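J.: Encoded as structure tokens, here's the structure I'll be asking about.
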Amino acid sequence: MDVIDAWMQQPTERFARDPMFAPLWRWMRRERPVLPSLEQTLAAYRAAGVGRALCSAWWGPRGALIDNDEVAGFVRESDGLLLGVASVDLRRPMRAVRELRRCVRQLGFVALRALPWLWELPPDDRRFYPLYAECVELGIPFCTQVGHTGPLRPSEPGRPIPYLENVALEFPELRIVAGHVGVPWLEEAISLATRFPNVYLDTSAYLPHRYPPRLVSFLQGHGRRKVLFGTNYPMLQPAACL
């Protein structure tokens, strides 16, 4: 069975050089942003034995750092390794729904990702709700981030309870993948994944030796089918995350 990476991005110049990521590069002890070519990315995944990876677009209030058509191009050139994940402009609800529909029906994308901290909106904000309904109709999951931010932005929108809990309560048919583990609210994230059959976590942005003990115990117990593998590439390399 193929290993699947639930969270990665193929960076564009706009993405890699955005000033908000400077704290991440410093934390990783990088003198400059990481900007691998698509060929280098595919080689890294093949060398690690990762068979599929969900490659995300990035839309935020200042526009697209990685747009959906760029992701579609990466997917086409990946020989089946990459799967597209859509991102849309929350400020234009109907345009966002139509773009999501286009990404799934025409480009073959398999999920939607939106980052509450990037928009400074919790996931139970009304602007997300048309997209949740469309995800259910399209049969795709909603992928998001829980826990503190990497960029120096407010982390409160990433608190699982009550914000993501409200979404799980109101959209029981919506599959939700809460990425980046959820620290410092890991217990809240695990609570949601335990209580709601439609809520999952992923391990992206954490190397295995940095997994919190509570996550490890959850993985070893009843959470073994509720946690997805993820990297947050290119911030972390796939081989290092296995």
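Position in the sequence shown (first residue = 1) + 282 = the working numbering. Think of the CB as a built atom: it goes at the ideal place given N, C-alpha and C, for glycine as much as any other residue. Given the structure is predicted, the values throughout are model-derived calculations rather than measurements.
#1: Using beta-carbon positions only, say whether E455 and V418 come within less than 8 Å of one another.
#2: In terms of residues, what are the limits of the beta strand (DSSP E) holding M290?
#3: Just verifying my parser: in three-state terms, what is the DSSP assignment at I472?
#4: Count the other CB atoms within 10 Å of the CB of A288; is the residue buried (16 or more) or exposed (fewer)?
#5: Buried or exposed, going by whether 16 or more other CB atoms sit within 10 Å of the CB of V498?
#6: Hey, out of P490, P442, L489, F453, whose CA is closest to A475's CA?
#7: Quick one: Cα of P436 to Cα of P398, how far?
#8: For D284 and F511, I'd like the C-alpha separation in whole angstroms.
#9: Give the DSSP-derived three-state secondary structure of T485 in the structure shown.
#10: Taking the alpha-carbon of R477 as reference, which of L365, L446, Q502, L394 has the nearest alpha-carbon?
#11: Would you check whether the ligand NAD has a heavy atom nearer than 7 Å to the C-beta of V357?
#12: In this structure, does DSSP put G345 in helix, strand or coil?
#13: Does the contact criterion of 3 or more C-beta pairs under 8 Å hold for the stretch 307-314 versus the stretch 335-350?
#14: Using alpha carbons as the reference points, say which of M302, I458, E352, A329 lies closest to Y414.
#15: Looking only at DSSP bridge pairs, what is S338 linked to?
#16: Measuring straight from C-alpha to C-alpha, what distance separates R383 and I286?
#17: For Q427, report the span of its beta strand (DSSP E) as first-last.
#18: Leaving aside the five residues before and after P520 along the sequence, list all residues of the same chain whose C-beta is less than 7 Å from its C-beta, in chain order.
#19: Can you tell me which residues form a DSSP beta bridge with R383?
#20: Exposed or buried, what is Q504 when buried is set at 16 or more other beta-carbons lying within 10 Å of its beta-carbon?
#21: Suppose the cutoff is 6 Å on Cβ atoms and the five residues either side in sequence are ignored; what does the same chain contact list for T323 look like?
#22: Counting along the chain, where does the beta strand (DSSP E) carrying D461 start and finish?
#23: Got a sec, what are the start and stop residues for the alpha helix (DSSP H) R228 sits in?
T.: Looking at the coordinates:
#1: For this step, residue 455 is matched to residue 173 along the sequence shown. For this step, residue 418 is matched to residue 136 along the sequence shown. Taking 8 Å as the Cβ cut-off, E455 and V418 qualify as a contacting pair.
#2: To locate residue 290, count along the sequence shown from 1; it is residue 8. Run containing M290: 285-290, per the beta strand (DSSP E) assignment.
#3: In the sequence shown, the residue the question calls residue 472 occupies position 190. The answer is helix: DSSP assigns I472 an H, G or I state.
#4: Taking the first residue of the sequence shown as 1, we reach residue 288 at position 6. With 16 or more neighbouring CB atoms inside 10 Å of its own CB, A288 falls in the buried class.
#5: In the sequence shown, residue 498 corresponds to position 216, counting from 1. By the neighbour-count criterion, in which 16 or more other beta carbons inside 10 Å mark a residue as buried, V498 falls on the exposed side.
#6: Here residue 475 corresponds to residue number 193 of the sequence shown, with the count starting at 1. It is P442 whose Cα lies nearest to the Cα of A475.
#7: As a working mapping, residue 436 is identified with position 154 in the sequence shown. As a working mapping, residue 398 is identified with position 116 in the sequence shown. When the Cα atoms are used, P436 and P398 turn out to be separated by approximately 10 Å.
#8: The residue you call residue 284 lines up with position 2 of the sequence shown. The residue you call residue 511 lines up with position 229 of the sequence shown. Straight-line Cα distance between these residues: approximately 12 Å.
#9: For the purposes of this step, residue 485 is identified with residue 203 of the sequence shown, where counting begins at 1. Assigned with DSSP and collapsed to three states, T485 falls in coil, not helix or strand.
#10: Against the sequence shown, residue 477 aligns to sequence position 195. Check the Cα spacing between R477 and each of L365, L446, Q502, L394: the tightest is with L446.
#11: The ligand NAD is not among the ligands present in this structure, which contains no ligands whatsoever.
#12: In the sequence shown, residue 345 corresponds to position 63, counting from 1. Reduced to three states, the DSSP call for G345 is strand.
#13: With a cut-off of 8 Å, the stretch 335-350 and the stretch 307-314 do not count as touching, because too few Cβ pairs lie within range.
#14: For the purposes of this step, residue 414 is identified with residue 132 of the sequence shown, where counting begins at 1. With distances taken between Cα atoms, Y414 lies closest to I458.
#15: The residue given as residue 338 occupies position 56 in the sequence shown. In the DSSP assignment, S338 is bridged to V367.
#16: In the sequence shown, residue 383 corresponds to position 101, counting from 1. In the sequence shown, residue 286 corresponds to position 4, counting from 1. Across the structure, R383 and I286 are spaced so that their CA atoms are roughly 24 Å apart.
#17: Locating residue 427 in the sequence shown gives position 145, counting from the first residue. Unbroken beta strand (DSSP E) run through Q427: 424-427.
#18: Your numbering for residue 520 matches position 238 in the sequence shown. The residues are D287, A326, Y327, A330, V332, T513.
#19: Locating residue 383 in the sequence shown gives position 101, where the first residue counts as 1. Beta bridge pairing from DSSP links R383 with no other residue.
#20: For the purposes of this step, residue 504 is taken as residue 222 along the sequence shown, with counting starting at 1. Reading off the sequence shown, one finds His at residue 504, where the question assumed Gln. Its Cβ having fewer than 16 others within 10 Å, H504 is exposed.
#21: Counting from one through the sequence shown, the residue named residue 323 turns up at place 41. Q292, listed in sequence order.
#22: Sequence index remark: in the sequence shown, residue 461 carries index 179 (1-based). A quick correction: the sequence has Gly, not Asp, at residue 461. First-last of the beta strand (DSSP E) with G461: 458-461.
#23: As displayed, the chain neither begins before 283 nor continues past 524, which places residue 228 out of reach and without an answer.
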